[in-house]
Each structure stands twice: as structure tokens, then as C-alpha cells.
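Protein chains: 2
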Amino acid sequence: MATRARRGPYICGIDAAMDVVSGKWKSLILWELHHHGTRRFAELRRGLPGVSEKMLIQHLREMEEDGLVHREVYREVPPKVEYSLTEHGASLNAALAPLGEWGADRIRRIGADRVPVNGAVTAPR
Amino acid sequence: MATRARRGPYICGIDAAMDVVSGKWKSLILWELHHHGTRRFAELRRGLPGVSEKMLIQHLREMEEDGLVHREVYREVPPKVEYSLTEHGASLNAALAPLGEWGADRIRRIGADRVPVNGAVTAPR
DNA sequence: TCAGGTACTTACCTCCTGGTAAGTACGGTG
DNA sequence: CACCGTACTTACCAGGAGGTAAGTACCTGA
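So the protein sequences, as listed, match chains F and E. Just so we're aligned, residue 1 is where the first sequence starts under our numbering, counting upward by one. Just so we're aligned, residue 1001 is where the second sequence starts under our numbering, counting upward by one.
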């Protein structure tokens, strides 16, 4: 369909983990769900400025397939779906933490712009 | 040129780290250099089965630019170039370790094939 | 003299990732 | 009764990551 593939054979653990986190928004989704515990589709969309509905759904589906997120559907009048991290999703997020710190250090080192949580960019170049 | 871009603005640390490791062979190069300390171009090529010369050089150049690997050229009769990890490369590799463990756990969980270090594949599919 | 090994460079091409935009089904609200 | 908000689905398209293959310059060994 879209991003579906792989799931091994893998060269090493990093390879296997990357197969599951690679995707423009996956790590952000993980982060968002980790921080808020449980989020609805529209909340996630608002929390990830710039994500398209297509990519968000696609990533969520893949992460659900990969056992990282849990999807709870409420058959209500305005449809309601809640996403949350599974145990594996949470542990992946924890495994990602040192990498995040390394990245934060790197941002400090090279003095790169950090795009604010909302739209506007800090520096013009 | 080829892969050059980004280097911020970044959404978070993970984003910044990913910008530097994303690429089919980057993490493997990191791993290879970490394990052997210092490697020549042809040694790396042989150590990463399936990599094309173009991608290997491209990734090495980018990682050098990003301050992850050190490139030492020996102006000798048959040209000789040695690659090794810088301090930042080593720390990135360390930050990648928990992710690698998570991936290894995942491989065990889902029972995915693990492609052997040399050419042949274990299971036909 | 010519193949072979070193470390690349260059050109070309394909497929995958992600973006845009529209459509769907449902009921509540003005 | 038309429109909004929910959570999607679908079709189409552009750009870039990565693959293949060939070329370069240099010296060594058969």
C-alpha cells in the first residue's frame, strides 16, 4: 500500500528498531503519546504541526501493526478514537531517550534553529 | 548533490539525531568503525555486504561533515585512507546502544530473520 | 603490456516517501 | 437544509534516496 515492507531480515538491532521508527513523524507520535498518555486523532494532528492526515493515519496504522500503539474505537455519534502507547511503545520511547539527549547536545553544539512548537520559524535562514 | 540538506531547524533532539543517522548504512558504518577502531575504505565496503561504493562514500562524506568520523589520507603509492570515529561519533554510537538492544529484543519477539554477516540469506521467505 | 587493486567520481534511472486535495459517512447545530 | 466536525480513504504527483554501471588516476605484479 504505502510504507509497508521489511519486518526483517535485519542486519542488527538498530536496523530492526529503525524499521519501526523511520518515518517523518513516528518518533514525534511516540513522544506525543508518551507525554499525554492518550490522545484522540484530532489532538495528535494538532500536536504535530505540519503533519498531513494521510501520513498521520498511515504512521498510526503501521505503529499499531508493529505493536507500538493501542487503538481504541468508541462507536459514538461523532466518531471517537483514542490512541495510546503499548508496553513496547513505551519501552521504545525509553530506548530513544539517550538518542534524544545526544541530538539535543548536537543542537547546542552546532547552534541549529529549533523550530517552535507552533508554526513560525525563528531564523530566516 | 545527493543527501545533503537539513541540519536544522529541528523539532526535537530525536529529530536532530535522526538527521545524522538516517541513511541506509550510517548506523552500520558507526557500528563497524566502533568495533574495528579504524578501517580502510575497502575494508568497510567488505564489512557492509550490499553497499554500493557511491552510497558508502556519500555516507562517509556526510558523517565526516557532521563530525562523526575522522578521515585520514595517506599519500602513498596505492592510495590509502583510514576512517575512524570521532568523539561525537563514539558518543552517538553509545546513545544508539539502547535502541539496538530494543531492536534485538524485537527481533526475538517477532522471530524475524536475521541476515548473516556474509552474503547468504537464512530463510527463502 | 595489460590486468588488477587502491579510492574514488559521474551519469542515469527507479522506486519509495511524503505532500496535496478531494471524497466518504454520520449526526448535531444554526 | 446546508454546513461543521469527527475519523478516515483515495487518487494523483513531485522529490529525493539509493541502485547500477562506467570512468579516472596511479602504481604493482605477471
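Heads up, the beta-carbon is just placed ideally off N, CA and C, and yes, glycines get one too. Nothing here was measured: the structure is a model prediction, and the numbers come from that model.
At 4 residues or longer, what runs of the alpha helix (DSSP H) sit wholly inside the region 1019 to 1101 of chain E?
For the alpha helix (DSSP H) assignment, the uninterrupted runs of no fewer than 4 residues enclosed by the region 1019 to 1101 of chain E are, from N- to C-terminal side, 1026 to 1036, 1041 to 1047, 1053 to 1065.
Give a yes or no on whether the minimum CB-CB distance between Trp-102 (chain F) and chain E is below 7 Å.
Translated into the one-based positions of the first sequence, residue 102 (chain F) becomes position 102. Trp-102 (chain F) has a beta carbon lying within less than 7 Å of a beta carbon in chain E.
Using the beta-carbon of each residue, which ones in chain F are nearer than 7 Å to Pro-1078 (chain E)?
Mapped onto the second sequence, residue 1078 (chain E) falls at position 78. Neighbours of Pro-1078 (chain E) on chain F: none; closest Cβ ~30 Å, over 7 Å.
Could you tell me whether any Cβ in chain E is nearer than 7 Å to the Cβ of Leu-33 (chain F)?
Residue numbering aside, residue 33 (chain F) sits at position 33 when the first sequence is read from its first letter. Not one chain E Cβ lies under 7 Å of Leu-33 (chain F).
Run through chain F and tell me which residues come within less than 9 Å of Arg-1039 (chain E), C-beta to C-beta.
Residue mapping note: residue 1039 (chain E) aligns to position 39 of the second sequence, counting from 1. Ordered by position in chain F, no residue passes the 9 Å Cβ test against Arg-1039 (chain E), which lies about 17 Å from the chain.
With a threshold of 7 Å between beta carbons, is Gly-47 (chain F) in contact with chain E?
Here the question's residue 47 (chain F) lines up with position 47 in the first sequence. No, no contact with chain E.
Could you tell me whether any Cβ in chain F is nearer than 7 Å to the Cβ of Ser-1084 (chain E)?
For the purposes of this step, residue 1084 (chain E) is taken as the residue at position 84 of the second sequence. Taking Cβ atoms only, chain F never reaches closer than 7 Å to Ser-1084 (chain E), which makes this a no.
Could you give the distance in angstroms between the alpha-carbon of Glu-64 (chain F) and the alpha-carbon of Arg-106 (chain F)?
Here residue 64 (chain F) corresponds to residue number 64 of the first sequence, with the count starting at 1. Here residue 106 (chain F) corresponds to residue number 106 of the first sequence, with the count starting at 1. Each residue's Cα considered, the two are about 31 Å apart.
Assuming contact is defined by CB atoms lying nearer than 7 Å, are Asn-93 (chain F) and Leu-28 (chain F) in contact in what I supplied?
As a working note, residue 93 (chain F) is residue 93 in the first sequence. As a working note, residue 28 (chain F) is residue 28 in the first sequence. It is not a contact, given that the beta carbons lie outside the stated cut-off.
Can a CB atom of chain E be found closer than 7 Å to the CB of Ala-90 (chain F)?
Along the first sequence, one-based indexing puts residue 90 (chain F) at 90. It does not: the Cβ of Ala-90 (chain F) has no partner Cβ on chain E nearer than 7 Å.
Using CA atoms only, rank isn't needed, just tell me which of F:His-35, F:Gly-47, F:Lys-24, F:Phe-41 is closest to Val-73 (chain F).
Here residue 73 (chain F) refers to the residue found at position 73 when the first sequence is read from its first residue. Looking only at F:His-35, F:Gly-47, F:Lys-24, F:Phe-41, the smallest Cα-Cα distance to Val-73 (chain F) is reached by F:Phe-41.
Residues of chain E with CB closer than 9 Å to the CB of Leu-28 (chain F), please, in chain order.
Taking the first sequence and counting its residues from 1, one reaches residue 28 (chain F) at position 28. Residues of chain E whose Cβ lies closer than 9 Å to the Cβ of Leu-28 (chain F) are, in chain order, Ile-1011, Cys-1012, Ile-1014, Asp-1015.
Between which residues of its own chain and His-1070 (chain E) is the CB-CB distance below 6 Å, once the five residues before and five after are set aside?
Here residue 1070 (chain E) corresponds to residue number 70 of the second sequence, with the count starting at 1. Scanning its chain for C-beta atoms nearer than 6 Å, with the 5 sequence neighbours on each side dropped, one finds around His-1070 (chain E) the residues Ser-1084, Thr-1086, in chain order.
When you compare each of E:Glu-1082, E:Val-1020, E:Ile-1014, E:Asp-1015 to His-1059 (chain E) by their alpha carbons, which one comes out closest?
Here residue 1059 (chain E) refers to the residue found at position 59 when the second sequence is read from its first residue. That would be E:Val-1020, whose Cα lies nearest to the Cα of His-1059 (chain E).
Going along the chain, which residues of the region 1049 to 1063 of chain E sit with their C-beta nearer than 7 Å to a C-beta in chain F?
Considering only beta carbons, no part of the region 1049 to 1063 of chain E lies closer than 7 Å to chain F.
Just how far apart, CA to CA, sit Ile-1011 (chain E) and Leu-1033 (chain E)?
Start at 1 with the first residue of the second sequence, and residue 1011 (chain E) comes out as number 11. Start at 1 with the first residue of the second sequence, and residue 1033 (chain E) comes out as number 33. Cα to Cα, Ile-1011 (chain E) sits roughly 29 Å from Leu-1033 (chain E).
Thr-38 (chain F) versus F:Arg-75, F:Val-81, F:Ile-110, residue with shortest Cα-Cα distance:
To locate residue 38 (chain F), count along the first sequence from 1; it is residue 38. Cα-wise, what sits closest to Thr-38 (chain F) is F:Val-81.
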